[in-house]
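Taking the working numbering, I'd label the letters of the sequence shown as residues 155 to 422.
Ideal placement from N, C-alpha and C gives every residue a C-beta, glycine not left out.
Accompanying notes for the structure given below.
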Amino acid sequence: MTDPTVVTASWSDAIGYEAYIGRWSRQVARQFVADLDVPAGRRWLDVGCGTGALTRTVLDLAEPAGVQAVDRSPTFLRHAAAHVPDPRVTFRTADAAALPVDDGSVDVVVSGLVLHFLADPGAAVTAWRRAAVPGGTVAAYVWDYAEGMQMMRAFWLAAARVDPAVATLDEAARFPICAPGPLRAVFTGAGLTDVVTGAIEVPTVFADLDDLWTPFLGGTGHAPVYVATLTDDVRAAIKEELRRSLPVQDDGSIALTARAWTVRGQVP
Ligand SMILES: C[S@@+](CC[C@H](N)C(=O)[O-])C[C@H]1O[C@@H](n2cnc3c(N)ncnc32)[C@H](O)[C@@H]1O
């Protein structure tokens with residue numbers, strides 16, 4: 155039913171992204187930045203800043219001297235620039251592995267929900283290490299697609315019951331890097347030291363099934379791009395499967411959680 159080779163993420167609809175993932179990434183970002191515990195006055199670089207979830211959080215919580223934020227999507231960057239109006243931040247178009255910054259010019263490099271989308275994560279993290287000063291920090295987080303990101307897990311399980319061919323599209327299968335061991339290996343292989351992995355779990359409470367389901371119709375992200383390829387009947391069957399399998403409360407709400415894996419290392 156589905157050709158896995160034609161389903162790749164689209165990062166072009168900032169409003170759709172915010173409803174689908176941005177609202178949850180922002181919650182993870184708060185804990186992530188707090189855990190990094192970086193002193194005030196540092197220079198930050200946010201790689202794959204998207205609509206600005208992590209950038210905004212750094213500005214709110216870390217009292218940075220400045221934040222350089224880069225992403226490949228001009229649409230997301232426009233949204234971020236409009237919604238994060240702060241003189242300490244600059245937004246620029248750039249690839250995660252070809253950064254427009256001098257070597258050793260920032261104190262902290264962070265990246266939220268990006269590493270697994272990159273063609274060569276090791277080369278990218280090496281570029282992140284080079285961008286930071288000796289003693290600086292490089293840190294990232296990605297979803298635990300295999301288990302703890304319950305919204306996506308529920309979606310792919312429901313989709314597989316309706317469309318068995320979907321197994322190869324499931325992000326748990328596509329992104330094996332999203333686990334502590336592989337993350338540690340990439341950071342260590344990029345020349346970082348004192349590499350530590352961890353987990354951040356946030357509540358993802360949906361007002362009702364539509365609050366969870368409607369963002370899957372937005373076309374932004376791997377699962378929504380897959381949903382856009384389906385007929386109305388298949389879409390409706392997956393939604394029904396979700397209704398059947400999710401813990402819907404008496405008031406219609408659905409209380410799930412989302413776990414992100416974190417990784418950080420020091421620049422020697
Ligand atoms: C899931 S979004 C994460 C956005 C944001 N960091 C957040 O936590 O909400 C993934 C982002 O990675 C960006 N991206 C994907 N591949 C990239 C690359 N090679 N270089 C730069 N950005 C990239 C996309 O444009 C998108 O904004």
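Between Pro254 and Arg246, the gap from beta carbon to beta carbon is short of 8 Å. A distance criterion of 7 Å places the beta-carbon of Leu272 in contact range of ligand 1, judged by its closest non-hydrogen atom. For Leu199, DSSP records a beta bridge to Gln222 and Val263. Nearest Cα to Ala223 within the set Ala216, Leu208, Glu217 and Asp214: Leu208. Residue nearest to Val187 within the set Tyr174, Thr205, Ala236 and Arg210 is Arg210 (criterion: CA-CA distance). For Ala173 against His233, the beta-carbon gap comes to about 12 Å, at or over 8 Å, which does not count as contact. Thr368 sits in a helix when the DSSP states are folded into three classes. Here the segment 337–351 lies against the segment 268–280, with 3 or more beta-carbon pairs under 8 Å apart. Per DSSP, Ala312 lies in no beta strand (DSSP E) segment; the continuous alpha helix (DSSP H) that holds it begins and ends at Gln304 to Val316. The Cβ atoms of Ala281 and Leu396 do not sit closer than 8 Å to each other. By the C-beta density criterion, Gln403 is exposed, having fewer than 16 other C-beta atoms within 10 angstroms.
Put simply, of Leu199, Gly372 and Gly206 the residue whose alpha carbon is nearest the alpha carbon of Ala250 is Leu199. Counting along the chain, the unbroken alpha helix (DSSP H) around Gln185 starts and ends at Arg177 to Leu190. In this chain, the beta strand (DSSP E) harbouring Val417 covers Ile408 to Gln420. Non-local beta-carbon contacts of Val263 in its own chain, meaning distances under 7 Å to residues more than five positions away in sequence, involve Leu199, Val201, Trp282, Ala285, Ala286 and Val292 in chain order. Burial of Gly170 is indicated by the presence of at least 16 other C-beta atoms within 10 angstroms of its C-beta.
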